[in-house]
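Order-wise, the sequence lines are chains U and W.
For the first sequence, position 223 matches number 223 in this note's numbering, and the numbering has no gaps at all.
For the second sequence, position 360 matches number 360 in this note's numbering, and the numbering has no gaps at all.
Positions of the beta carbon are idealized from the N, C-alpha and C atoms, including for glycine.
Below you'll find the structure, written out as structure tokens, and then a few comments.
2 protein chains.
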Amino acid sequence: MSLDNHSVGIVAPRRFCCDAPIPLKGGGQLPSFELVFETYGTLNAARSNAVLVCHALSGSHHVAGVYADTPYSEGWWDNLVGPGKPLDTEKFFVVGVNNLGGCHGSTGPLSPNPETGRRYGADFPLITVEDWVLAQSRLADHLGIDTWAAVIGGSLGGMQAIAWSLRFPERIRHAIAIASAPNLSAQNIAFNEVARQAILSDPDFYGGHYASRGIVPTRGLRLARMIGHITYLSDDQMNEKFGRELRGGEPSFSYDIDFEIESYLRHQGDKFAGFFDANTYLLATKALDYFDPADACDGDLARALRPARASFLVVSFTTDWRFSPARSREIVFALTQNRRRVAYAEIDCAAGHDSFLLDDAHYHAVLRAYLENIKT
Amino acid sequence: MSLDNHSVGIVAPRRFCCDAPIPLKGGGQLPSFELVFETYGTLNAARSNAVLVCHALSGSHHVAGVYADTPYSEGWWDNLVGPGKPLDTEKFFVVGVNNLGGCHGSTGPLSPNPETGRRYGADFPLITVEDWVLAQSRLADHLGIDTWAAVIGGSLGGMQAIAWSLRFPERIRHAIAIASAPNLSAQNIAFNEVARQAILSDPDFYGGHYASRGIVPTRGLRLARMIGHITYLSDDQMNEKFGRELRGGEPSFSYDIDFEIESYLRHQGDKFAGFFDANTYLLATKALDYFDPADACDGDLARALRPARASFLVVSFTTDWRFSPARSREIVFALTQNRRRVAYAEIDCAAGHDSFLLDDAHYHAVLRAYLENIKT
Chain U
1 MSLDNHSVGI VAPRRFCCDA PIPLKGGGQL PSFELVFETY GTLNAARSNA VLVCHALSGS
61 HHVAGVYADT PYSEGWWDNL VGPGKPLDTE KFFVVGVNNL GGCHGSTGPL SPNPETGRRY
121 GADFPLITVE DWVLAQSRLA DHLGIDTWAA VIGGSLGGMQ AIAWSLRFPE RIRHAIAIAS
181 APNLSAQNIA FNEVARQAIL SDPDFYGGHY ASRGIVPTRG LRLARMIGHI TYLSDDQMNE
241 KFGRELRGGE PSFSYDIDFE IESYLRHQGD KFAGFFDANT YLLATKALDY FDPADACDGD
301 LARALRPARA SFLVVSFTTD WRFSPARSRE IVFALTQNRR RVAYAEIDCA AGHDSFLLDD
361 AHYHAVLRAY LENIKT
Chain W
1 MSLDNHSVGI VAPRRFCCDA PIPLKGGGQL PSFELVFETY GTLNAARSNA VLVCHALSGS
61 HHVAGVYADT PYSEGWWDNL VGPGKPLDTE KFFVVGVNNL GGCHGSTGPL SPNPETGRRY
121 GADFPLITVE DWVLAQSRLA DHLGIDTWAA VIGGSLGGMQ AIAWSLRFPE RIRHAIAIAS
181 APNLSAQNIA FNEVARQAIL SDPDFYGGHY ASRGIVPTRG LRLARMIGHI TYLSDDQMNE
241 KFGRELRGGE PSFSYDIDFE IESYLRHQGD KFAGFFDANT YLLATKALDY FDPADACDGD
301 LARALRPARA SFLVVSFTTD WRFSPARSRE IVFALTQNRR RVAYAEIDCA AGHDSFLLDD
361 AHYHAVLRAY LENIKT
């Protein structure tokens, strides 16, 4: 395995078991839960250099580095996190965590339900962004982190950064929300709903109890991912990357793959259906749909963000039509109305929503500059 | 039944049987075929006032008027076609036709295959926009129409108008392409592909031979329509019409309907799955994907449109992100490079792609003015 000099190197996930019950926003509680997490860098003596990385819909705790003897196992934000990288592990102690309800090892629908001994499946409760933040705060307690130097995330991860600033204003010094939004638009919800319906109507879904039968609702998951993927890329980038290229040079006059874009989408769908849990997908899209801090303030986002004490960095991408720059500017505007410190960068990048995962030079320069100026 | 003074009134479909074989662009031929059609108004003595209305993905021959004793049976473009309406049946003889491969009575996958006596199902050949035009030309022959005063259509219907101007340049005096495009973008194809995969992966699809088993792949059709519907509406209009309104006032914390937009999409999906044929949906989306007159000219649209002799009216809608105004302007630009007569209107309408079906005042005024100036 060849690692560049800026990789955090070989990493291994750890496990945090919380035996205290956790109350959930939707009602009820989980009697206990486990979170899988990874850390990179060293927590300083003052415990003031910890950064929490929150993942989006399909991410995990494996943010950076590689697993021993596992090729192509780089973390999903490996281009950002490492020694000398914008989120510099020489300076920061970085924590990645698989969220509650996830399917990468944290307590979720695939876990055994202590009440029945069988997997939770559809009986796993719906989880909100605020529940994730509460669970993450228990992990912070466990790690001895009173205050995060920063909480950072893209997309749904950015919503968690915002939620942290509201739920625990004194425990977060900087909130970094990238390619995010203060809530979903009707169109965003519509895409999520079609993805959910694809899963829910898959005959292999079995009302959410497929796993205890050893079955995976592959068709539904595959469609859900294909729909999602269209919204992650920009129209322009798709045209540039795939255009109207025919795989075989000539139309097939069949429903086989004709266009490169079809091949790409099917591949993405198949890959995803091979590792992701359908119930986790359902609950994560619902967490997205429900997130709306302004709702408690009659839709007044400025009033909703008033409790925040953190400094903010908000980043958007010009070609992101899923969470457009206009949505990020709503956050910025609401923060400035509260006279909070907020920096905003709108990055000219062709890659649509997925830009937040790429190492665009301007984007990374913005993050580097902001993070370098955080005092630890 | 109460009809306004501008309705064409009670109408009835007719049937045209063509016993001559029709060659298909994808290879092979149909030995014979039938088209269901309707007409409104009267063909004048000079046979110079005929207008062909081409339907889009889910339309039919039933363009205007109502069926006797059938409530809510107005044609899909009833707001446009009738005495005194923009496409005035006092002046024009208007023809609506269900396309070859359709599911409203014309020869298609639901028809009996003369070779087997069973329904064609998946054995029905793939049909292209050019095949539709050829079949329509046979209907024109049958009706004694040498030259259309105009061929008009929205979306996929507009592509047929363009194809008419290229395949039969001397048989069409005006081509009216509304909310259309010279070909699909990669993103357009991507949406079609997900819709197709939803149908193809429905266990009730049975490789396209569901109908001979008396089964309908309802789940797939429903998802396909939900995906389509998102692209027919604009983000703004969805926010205005549905926003983040919760049906029950409070989140359900379940996968039941929470948001109004979810309810709307499910309703549209269910309705569609109740009447539309899955194989027709598949082949119509393929016809869309394949349409690309510039392909034969190395992507040079101006060169591709050179054979056209018709005058053009091209109309687009500002909020149409499926076939954006930029796509319509490509058509206009290519036509002007050929020094063709072309009028272009970009209508400021919030309703997205579906605007072409609505009676927006400016839009209808443009059509009225253009059509009034056509000499018959």
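Item: For W/T39: DSSP bridge partner residues; Value: W/V95
Item: Nearest candidate by alpha-carbon position, reference W/G228, set W/F272, W/S201, W/L246, W/D256; Value: W/F272
Item: Interface flag, U/R196 vs chain W, CB-CB below 9 Å; Value: yes
Item: Chain U within 9 Å of W/I10, Cβ atoms only; Value: no
Item: Proximity below 9 Å, CB of U/F362 to CB of U/S155; Value: Going by the sequence as given, residue 362 of chain U is His instead of Phe. In this structure, U/S155 does not lie closer than 9 Å to U/H362 by Cβ.
Item: Run of the alpha helix (DSSP H) containing U/V314, from where it starts to where it stops; Value: Careful: U/V314 lies outside any alpha helix (DSSP H), inside the beta strand (DSSP E) at 311 to 317.
Item: U/T107 versus U/I199 - alpha carbon distance; Value: 21 Å
Item: Any C-beta of chain W under 9 Å from that of U/R121; Value: Sequence inspection shows Gly at residue 121 of chain U; the Arg mentioned does not correspond to that position. Not an interface residue.
Item: Per-residue burial, U/D289 [other beta carbons within 10 Å of its own, 16 or more giving buried]; Value: buried
Item: Environment of U/V11 [buried if 16+ CB atoms lie within 10 Å]; Value: buried
Item: Cβ pair W/L52, W/V194 closer than 9 Å; Value: no
Item: Simplified DSSP assignment, three categories, for W/R167; Value: helix
Item: Under the three-state DSSP convention, the category U/C54 falls into; Value: strand
Item: Chain U residues whose Cβ lies nearer than 7 Å to that of W/Q390; Value: Coverage of chain W is limited to positions 1 through 376, which leaves residue 390 of chain W absent and any answer about it impossible.
Item: Interface partners of U/P251 on chain W, CB under 8 Å; Value: G26, Y290
Item: Where U/G117 falls, given that 16 or more other Cβ within 10 Å makes a residue buried; Value: exposed
Item: Own chain, CB closer than 6 Å to U/T218, minus 5 neighbours either side, in chain order; Value: A273
Item: Minimum Cβ-Cβ distance from U/S2 to chain W less than 9 Å; Value: Unreliable positioning characterises U/S2 in this predicted model, as indicated by a pLDDT of 48, which lies under 50. The coordinate reading is nonetheless provided below. Closer than 9 Å: no.
Item: Beta-carbon neighbours of W/D235, restricted to chain U and to distances below 7 Å; Value: S185, Q187
Item: Chain U residues whose Cβ lies nearer than 8 Å to that of W/A302; Value: Here the premise fails: no neighbours, minimum Cβ distance about 17 Å.
Item: Unbroken beta strand (DSSP E) run spanning W/H174, endpoints; Value: 174 to 178
Item: Below-9 Å beta-carbon distance, U/G243 vs any chain W residue; Value: yes
Item: Assigned secondary structure, U/A195 (DSSP; H/G/I helix, E/B strand, else coil); Value: helix
Item: Bridge partners - U/F259, DSSP secondary structure assignment; Value: U/L246
Item: Under 8 Å by beta carbon: chain W residues contacting U/L367; Value: By Cβ distance, chain W contributes nothing, its closest Cβ being about 28 Å from U/L367, past 8 Å.
Item: Assigned exposure category for W/T70 - 16 Cβ within 10 Å defines buried; Value: exposed
Item: Min CB distance U/S180 to chain C below 9 Å; Value: Protein chains in the displayed structure are U and W, and chain C is not among them.
Item: Interface partners of U/Y255 on chain W, CB under 8 Å; Value: R196, L200, L282, K286
Item: For W/A304, the three-state DSSP class (helix, strand or coil); Value: helix
Item: Buried versus exposed call for W/S355 [16 or more other C-beta atoms within 10 Å across all chains shown]; Value: buried
Item: 8 Å contact criterion, which W/G157 and W/A56 should meet: CB distance rounded; Value: 5 Å
Item: Any C-beta of chain W under 9 Å from that of U/H62; Value: no
Item: Nonlocal neighbours in the same chain, by C-beta distance under 8 Å from U/S2, ignoring five residues either side; Value: Here the model assigns U/S2 a pLDDT of 48, short of 50, so the residue's position is not dependable, and the following value carries that caveat. Within the same chain, U/S2 has no close Cβ partners at all.
Item: Partners in chain U for W/A190, counting only beta-carbon separations shorter than 9 Å; Value: M226, H229, I230, L233, M238, F242, F259, I261, E262, Y264, L265
Item: Residue interval of the beta strand (DSSP E) (run including U/E130); Value: Taken as a continuous stretch (DSSP letters only), U/E130 belongs to no beta strand (DSSP E), being part of the alpha helix (DSSP H) at 129 to 143.
Item: Option nearest W/C349 by Cα separation, candidates W/Y232, W/S212, W/L35, W/D146; Value: W/Y232
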